[in-house]
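Colleague: Line by line, the protein sequences are chains A and B. All letters in the first sequence, in the order written, are residues 4 to 458 by the numbering used here. All letters in the second sequence, in the order written, are residues 4 to 458 by the numbering used here. Positions of the beta carbon are idealized from the N, C-alpha and C atoms, including for glycine. Just so you know, these numbers come straight off a predicted model, no measurement behind them.
There are 2 protein chains.
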Amino acid sequence: MSQEIPYKIYLNENEIPKQWYNVRADMKNKPAPLLKPGTHEPLKVEDLEPIFCTELAKQELDDTTPYFDIPDEIKGFYKMYRPSPVVRAYCLEKALGTPAHIYYKFEGNNTSGSHKLNSAIAQAYYAKQQGLKGVTTETGAGQWGTALSMACAYFGLDCKVYMVKVSYEQKPFRREVMRTYGASVTPSPSMDTDIGRKINEEFPGTTGSLGCAISEAVEVAVKNPGYRYVLGSVLGQVLLHQSIIGLEAKAALDKYNVKPDIIIGCAGGGSNLGGLISPFVGQMLRGEEKYRIIAVEPASCPSLTRGKYVYDFCDTGKVTPLAKMYTLGSGYIPAPNHAGGLRYHGMSSIVSQLYDDGYLEATSVKQTDVFEAAEMFARTEGILPAPESSHAIRVAIDEAMKCKETGEEKNILFGLTGTGYFDLVAYQKYNDGQMEDYIPTDEEIAASLAKCPKI
Amino acid sequence: MSQEIPYKIYLNENEIPKQWYNVRADMKNKPAPLLKPGTHEPLKVEDLEPIFCTELAKQELDDTTPYFDIPDEIKGFYKMYRPSPVVRAYCLEKALGTPAHIYYKFEGNNTSGSHKLNSAIAQAYYAKQQGLKGVTTETGAGQWGTALSMACAYFGLDCKVYMVKVSYEQKPFRREVMRTYGASVTPSPSMDTDIGRKINEEFPGTTGSLGCAISEAVEVAVKNPGYRYVLGSVLGQVLLHQSIIGLEAKAALDKYNVKPDIIIGCAGGGSNLGGLISPFVGQMLRGEEKYRIIAVEPASCPSLTRGKYVYDFCDTGKVTPLAKMYTLGSGYIPAPNHAGGLRYHGMSSIVSQLYDDGYLEATSVKQTDVFEAAEMFARTEGILPAPESSHAIRVAIDEAMKCKETGEEKNILFGLTGTGYFDLVAYQKYNDGQMEDYIPTDEEIAASLAKCPKI
Numbered sequence: 004m005s006q007e008i009p010y011k012i013y014l015n016e017n018e019i020p021k022q023w024y025n026v027r028a029d030m031k032n033k034p035a036p037l038l039k040p041g042t043h044e045p046l047k048v049e050d051l052e053p054i055f056c057t058e059l060a061k062q063e064l065d066d067t068t069p070y071f072d073i074p075d076e077i078k079g080f081y082k083m084y085r086p087s088p089v090v091r092a093y094c095l096e097k098a099l100g101t102p103a104h105i106y107y108k109f110e111g112n113n114t115s116g117s118h119k120l121n122s123a124i125a126q127a128y129y130a131k132q133q134g135l136k137g138v139t140t141e142t143g144a145g146q147w148g149t150a151l152s153m154a155c156a157y158f159g160l161d162c163k164v165y166m167v168k169v170s171y172e173q174k175p176f177r178r179e180v181m182r183t184y185g186a187s188v189t190p191s192p193s194m195d196t197d198i199g200r201k202i203n204e205e206f207p208g209t210t211g212s213l214g215c216a217i218s219e220a221v222e223v224a225v226k227n228p229g230y231r232y233v234l235g236s237v238l239g240q241v242l243l244h245q246s247i248i249g250l251e252a253k254a255a256l257d258k259y260n261v262k263p264d265i266i267i268g269c270a271g272g273g274s275n276l277g278g279l280i281s282p283f284v285g286q287m288l289r290g291e292e293k294y295r296i297i298a299v300e301p302a303s304c305p306s307l308t309r310g311k312y313v314y315d316f317c318d319t320g321k322v323t324p325l326a327k328m329y330t331l332g333s334g335y336i337p338a339p340n341h342a343g344g345l346r347y348h349g350m351s352s353i354v355s356q357l358y359d360d361g362y363l364e365a366t367s368v369k370q371t372d373v374f375e376a377a378e379m380f381a382r383t384e385g386i387l388p389a390p391e392s393s394h395a396i397r398v399a400i401d402e403a404m405k406c407k408e409t410g411e412e413k414n415i416l417f418g419l420t421g422t423g424y425f426d427l428v429a430y431q432k433y434n435d436g437q438m439e440d441y442i443p444t445d446e447e448i449a450a451s452l453a454k455c456p457k458i
Numbered sequence: 004m005s006q007e008i009p010y011k012i013y014l015n016e017n018e019i020p021k022q023w024y025n026v027r028a029d030m031k032n033k034p035a036p037l038l039k040p041g042t043h044e045p046l047k048v049e050d051l052e053p054i055f056c057t058e059l060a061k062q063e064l065d066d067t068t069p070y071f072d073i074p075d076e077i078k079g080f081y082k083m084y085r086p087s088p089v090v091r092a093y094c095l096e097k098a099l100g101t102p103a104h105i106y107y108k109f110e111g112n113n114t115s116g117s118h119k120l121n122s123a124i125a126q127a128y129y130a131k132q133q134g135l136k137g138v139t140t141e142t143g144a145g146q147w148g149t150a151l152s153m154a155c156a157y158f159g160l161d162c163k164v165y166m167v168k169v170s171y172e173q174k175p176f177r178r179e180v181m182r183t184y185g186a187s188v189t190p191s192p193s194m195d196t197d198i199g200r201k202i203n204e205e206f207p208g209t210t211g212s213l214g215c216a217i218s219e220a221v222e223v224a225v226k227n228p229g230y231r232y233v234l235g236s237v238l239g240q241v242l243l244h245q246s247i248i249g250l251e252a253k254a255a256l257d258k259y260n261v262k263p264d265i266i267i268g269c270a271g272g273g274s275n276l277g278g279l280i281s282p283f284v285g286q287m288l289r290g291e292e293k294y295r296i297i298a299v300e301p302a303s304c305p306s307l308t309r310g311k312y313v314y315d316f317c318d319t320g321k322v323t324p325l326a327k328m329y330t331l332g333s334g335y336i337p338a339p340n341h342a343g344g345l346r347y348h349g350m351s352s353i354v355s356q357l358y359d360d361g362y363l364e365a366t367s368v369k370q371t372d373v374f375e376a377a378e379m380f381a382r383t384e385g386i387l388p389a390p391e392s393s394h395a396i397r398v399a400i401d402e403a404m405k406c407k408e409t410g411e412e413k414n415i416l417f418g419l420t421g422t423g424y425f426d427l428v429a430y431q432k433y434n435d436g437q438m439e440d441y442i443p444t445d446e447e448i449a450a451s452l453a454k455c456p457k458i
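(1) In whole angstroms, what separates the C-alpha of residue 52/B from that of residue 100/B?
(2) Report the neighbours of residue 176/A on chain B: residues whose CB is nearer than 7 angstroms to its CB, in chain order.
(3) Could you spell out where the beta strand (DSSP E) holding residue 367/A opens and where it closes?
(4) Against chain A, with Cβ distances strictly below 8 angstroms, would residue 114/B count as a contact?
(5) Does DSSP put residue 382/A in a helix, a strand or coil?
(6) What does residue 430/A reach in chain B if we use C-beta pairs closer than 7 angstroms?
(7) On the three-state DSSP scale, how would you describe residue 388/A?
(8) Going by other Cβ atoms of all chains shown within 10 Å of its Cβ, with 16 needed for buried, is residue 121/A buried or exposed?
(9) Count the other CB atoms within 10 Å of the CB of residue 183/A; is the residue buried (16 or more) or exposed (fewer)?
(10) Helix, strand or coil, according to DSSP, for residue 228/A in the structure here?
(11) Helix, strand or coil: which one does DSSP assign to residue 298/A?
(12) Would a C-beta distance cut-off of 8 angstroms place residue 165/A and residue 220/A closer than the cut-off?
(13) Answer yes or no: does any C-beta atom of chain A fall closer than 8 angstroms to that of residue 2/B?
(14) Assuming contact is defined by CB atoms lying nearer than 8 angstroms, are residue 393/B and residue 376/B in contact in what I supplied?
(15) What distance in whole Å lies between the Cβ atoms of residue 215/B and residue 190/B, which are believed to be in contact at a cut-off of 8 angstroms?
(16) For residue 103/A, count neighbouring C-beta atoms within 10 Å of its own C-beta (all shown protein chains included) and say buried if the count is 16 or more, exposed if not.
(17) As a quick exercise: from 98/A, 18/A, 95/A, 240/A, pick the residue whose alpha carbon is nearest that of residue 37/A.
(18) With a threshold of 8 angstroms between beta carbons, is residue 12/B in contact with chain A?
(19) Mapping the DSSP letters down to three states, classify residue 210/A as helix, strand or coil.
(20) Taking 8 angstroms as the CB-CB cut-off, is residue 257/A touching chain B?
(21) Could you please give the first and the last residue of the uninterrupted beta strand (DSSP E) stretch that includes residue 285/A?
(22) Can you have a look at residue 3/A and say buried or exposed, based on whether 16 or more other CB atoms are within 10 angstroms of its CB?
(23) Check this for me: beta carbons of residue 63/B and residue 55/B, under 8 angstroms apart or not?
(24) CB residue 428/B to CB residue 397/B, shorter than 8 angstroms?
(25) What residues in the region 364-378 of chain B have a beta carbon less than 7 angstroms from any beta carbon of chain A?
(26) Can you tell me whether residue 244/B is buried or exposed? The criterion is at least 16 other CB atoms within 10 Å of its CB, across all chains shown.
(27) Using the three-state DSSP reduction, which class does residue 110/A fall into: helix, strand or coil?
(28) Could you check whether the Cβ of residue 21/A sits closer than 8 angstroms to any Cβ belonging to chain B?
(29) Quick one: residues in its chain with C-beta nearer than 6 angstroms to the C-beta of residue 158/B, no 5 flanking neighbours on either side, listed in chain order?
(30) Could you please give the first and the last residue of the uninterrupted beta strand (DSSP E) stretch that includes residue 417/A?
(31) On the three-pair Cβ rule with 8 angstroms, is the region 284-300 of chain B touching the region 264-274 of chain B?
(32) Give a yes or no on contact between the region 397-406 of chain A and the region 304-321 of chain A, applying the rule of three or more CB pairs nearer than 8 angstroms.
(33) What's the gap between the Cα of residue 24/A and the Cα of residue 196/A?
(34) State the DSSP-derived secondary structure class of residue 46/B, mapped to helix, strand or coil.
(35) Determine, using beta carbons only, whether residue 275/B and residue 420/B come nearer to each other than 8 angstroms.
(36) From the DSSP output, in three-state form, read off residue 54/A for me.
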């Protein structure tokens, strides 16, 4: 126990996990099945095959297989940017004067700048294996689109990204990274698709929405032979791929006999949180160990803390299957002054069920408090964090300060999902004292939830 | 020799070098001394003390001490982002089909995004040690200003950055990173200084130049008690601090018994190149080993390949000491279509002398060829390289392709100095096919050189 902990704990390359862990296999209460929008029947693999690669459709519906071998080609790609380090935040601890030991799993050390690459490379691989020409997707802020572009470049797949028009125009650098990786990036709504043309006609001058971009990407995938649609969060397959985060983090901490008392992750659709906590929750589900797990969401988009656990559409356009999840209603859109990601109306069915069963807590934080924590972290730990990741930083700091009061030497682990190089418009607002907070009223949330389908 | 080389060779934290190496100590032909502009007498420490910290002034003039202990506080900071990896470019090799083994030392894995942090933290440390309030500097593209802001935040020093006005306006994100680290960033020419007011009066609406920003930063340092001026390249002290790059690279390769046949670095003022090659050149100077070393400069700013080895001013404003160096004349400014950094008119006196003595070769490359290499590298190795670093990538690829022709299994090491997150305007130009090349005529260079002082 008294072995000195380095600043950065790197696994050796041969210690990178060789299997993903499917937490659903250990859940007694399985996540509720996806339902067909029309008939409300549970979806089968063949229902998903026109949209997803076959192998990914199987992963999506598999809630019994605990481990999936990671294909060699993906393990090869991992070596470009994995293992990612678990960092002991010595400098932050010192600045806080806390007896707590703070660790973070840093997933931003790759050009896409976030953990999204872990699932992008897996989804691109299975598309390549199936002999497809390419994949389509949507992107908002651009982390997922960038990750997917990198992954497709590696496998020589075509990559068509529908980027919400307002982001396309306001985030030209994100767009250029994707183009540098060979992706075609189209502002959405476009004139390339039926749904895009329809929306442009109905709402001339619209700057688009994620819901519309999803609809366009799905339409293009379904209509073009050799293409499938891919998605970067929410889905069970994504959490499966992202389990690499938690598996590596656990292996690194185990090396030094460190057991985290508190595990903290930011939560939008649940891809990072679900991935980080999977092996730890697995131990809890099997009765082997206890951890305190905290999901942190923005006060402006509080699906776990203020949403309802019901069946809802996964997209604003209501073309996707129905999922049972904590949701604010598929029409819910965070206020325009909300700066970071984490703007999804719902939460991964897996995370939702675990939360409902009491395996994790949830809390929400205001964005000015988030950026205050981000700036302190940048100055002490030398990494400019993404606004998303900074939600977890905020709560890690708060918990560490509680330890200062009580004198407890707790081990705190949080997920630092990515870097903020492309979020400097938001940092500028904060630096200029012009960032505002928004907390939806109960009435707003109730009105949005009232539109959920009755199932 | 047949031991398998991992993708990334990381030293352990206790293997990070504990001393910087001063290559001047092993040079038989020392770099020519800095001269006072008026009298042409060699400068002494006391002449430099009003501008530089005392300890840095000593380092600047010391050409006999081979090793300097790295202070504990700097070693502590190093652990935030060092050791940086030596990466075996397996994916690039595969894409090229070359038998060569390509390695790169990656210095971009810190928030400042480049190797500049290595000297920034050292210079900030000595300022703090001397009890100063803060430091001043200039920045053009912003890599150095960002690095210095991070270093000053760590030591609680005030940091005043004069940023060339055109960059201040065109690179708001760079500016915001510096502000997030607590630096004050002023567009230059400003109305805060005599020289700034004078230039604004003479040239209304000017967008500034590096030469002017240097003059402003020096003026503010000299006039404000408790402040000194710091610089990110060219100087002997900077190359001393940057020797950490070469020392780590050599230690990592030695671990696997890899001897580089060719060592390649991009060259602007010489900070990265000088740091990377120091320990290798040291072996050559001591007659222990032979390497082929290649300095790569932009065709639009070719100081080594087309300049003259004479005494010249270090700045455009002609307020600094005179240095003997390969120079294009202190009034030389690369064409406006030049995208990346590496725009300094001269070259570190140390690198200049080594080049003059035949220890290294130099070559120049066109920027469209540089971005072609950058894009290939991004797609195969997954890192979006800075345009500066991509000069070295270009020549590494060219040398690897020669190995393909000859079948030679050479070991190629190059310096990947930083990432290109803030250079996406240039990438966009390249992606859109709108990037142009510029090669100065002999007449242009001769006219600029004619203005060098006659010494």
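Modeller: Looking at the coordinates:
(1) The residue labelled residue 52/B in the question sits at position 49 within the second sequence. The residue labelled residue 100/B in the question sits at position 97 within the second sequence. The straight-line gap from Cα to Cα measures roughly 54 angstroms.
(2) As a working note, residue 176/A is residue 173 in the first sequence. Here the neighbours are 427.
(3) To locate residue 367/A, count along the first sequence from 1; it is residue 364. From DSSP, the beta strand (DSSP E) with residue 367/A extends over 364-368.
(4) Looking up residue 114/B in the second sequence gives position 111. With 8 angstroms as the cut-off, residue 114/B counts as an interface residue toward chain A.
(5) Numbered from its first residue, the first sequence carries residue 382/A at position 379. In this structure, residue 382/A counts as helix in the three-state DSSP scheme.
(6) For the purposes of this step, residue 430/A is taken as residue 427 along the first sequence, with counting starting at 1. Simply 179, 183.
(7) Within the first sequence, residue 388/A is the residue found at index 385, counting from 1. Three-state result, residue 388/A: strand.
(8) As a first step, residue 121/A is located in the first sequence; it is residue number 118 there, counting from the start. Classification of residue 121/A: buried, given that the 10 Å Cβ count is 16 or more.
(9) As a position in the first sequence, residue 183/A is number 180, starting the count at 1. Buried.
(10) Here residue 228/A refers to the residue found at position 225 of the first sequence. Coil, per DSSP.
(11) For the purposes of this step, residue 298/A is taken as the residue at position 295 of the first sequence. DSSP, read as helix, strand or coil, puts residue 298/A in strand.
(12) In the first sequence, counting from the first residue as 1, residue 165/A sits at position 162. In the first sequence, counting from the first residue as 1, residue 220/A sits at position 217. Against a cut-off of 8 angstroms, the Cβ pair of residue 220/A and residue 165/A comes out as a contact.
(13) Beyond the ends of chain B as shown, which are 4 and 458, falls residue 2/B; an answer cannot be given.
(14) Translated into positions along the second sequence, residue 393/B becomes position 390. Translated into positions along the second sequence, residue 376/B becomes position 373. Taking 8 angstroms as the Cβ cut-off, residue 393/B and residue 376/B qualify as a contacting pair.
(15) As a position in the second sequence, residue 190/B is number 187, starting the count at 1. As a position in the second sequence, residue 215/B is number 212, starting the count at 1. That pair is no contact at about 11 angstroms.
(16) Sequence index remark: in the first sequence, residue 103/A carries index 100 (1-based). So residue 103/A counts as buried.
(17) What you label residue 37/A is simply residue 34 of the first sequence in a count that begins at 1. Selected option, being the one with the closest Cα: 240/A.
(18) Within the second sequence, residue 12/B is the residue found at index 9, counting from 1. No, because no Cβ of chain A sits closer than 8 angstroms to the Cβ of residue 12/B.
(19) Here residue 210/A refers to the residue found at position 207 when the first sequence is read from its first residue. In this structure, residue 210/A counts as coil in the three-state DSSP scheme.
(20) Reading the first sequence from its first residue, position 254 is the one you call residue 257/A. So, not an interface residue.
(21) Within the first sequence, residue 285/A is the residue found at index 282, counting from 1. Per DSSP, residue 285/A belongs to no beta strand (DSSP E); it is in the alpha helix (DSSP H), 274-288.
(22) Because chain A here runs from 4 to 458, residue 3/A falls outside it and cannot be looked at.
(23) Here the question's residue 63/B lines up with position 60 in the second sequence. Here the question's residue 55/B lines up with position 52 in the second sequence. In contact: residue 63/B and residue 55/B (Cβ atoms closer than 8 angstroms).
(24) As a working note, residue 428/B is residue 425 in the second sequence. As a working note, residue 397/B is residue 394 in the second sequence. Against a cut-off of 8 angstroms, the Cβ pair of residue 397/B and residue 428/B comes out as no contact.
(25) 378
(26) Looking up residue 244/B in the second sequence gives position 241. Buried is the call here.
(27) Stepping through the first sequence from its first residue, residue 110/A is reached at position 107. If DSSP states are grouped into helix, strand and coil, residue 110/A belongs with coil.
(28) Within the first sequence, residue 21/A is the residue found at index 18, counting from 1. So, not an interface residue.
(29) In the second sequence, counting from the first residue as 1, residue 158/B sits at position 155. So the list reads 127, 131, once near-sequence residues are dropped.
(30) For the purposes of this step, residue 417/A is identified with residue 414 of the first sequence, where counting begins at 1. Taken as a continuous stretch (DSSP letters only), the beta strand (DSSP E) holding residue 417/A covers 414-419.
(31) Cβ pair count under 8 angstroms is three or more, so yes.
(32) Because the criterion of three Cβ pairs below 8 angstroms is not met, the region 397-406 of chain A and the region 304-321 of chain A do not touch.
(33) As a working mapping, residue 24/A is identified with position 21 in the first sequence. As a working mapping, residue 196/A is identified with position 193 in the first sequence. Using only the alpha carbons, I get a separation of about 38 angstroms.
(34) Along the second sequence, one-based indexing puts residue 46/B at 43. Here residue 46/B sits in coil by DSSP.
(35) As a position in the second sequence, residue 275/B is number 272, starting the count at 1. As a position in the second sequence, residue 420/B is number 417, starting the count at 1. Their beta carbons are under 8 angstroms apart, which means residue 275/B touches residue 420/B by this criterion.
(36) The residue labelled residue 54/A in the question sits at position 51 within the first sequence. In this structure, residue 54/A counts as coil in the three-state DSSP scheme.
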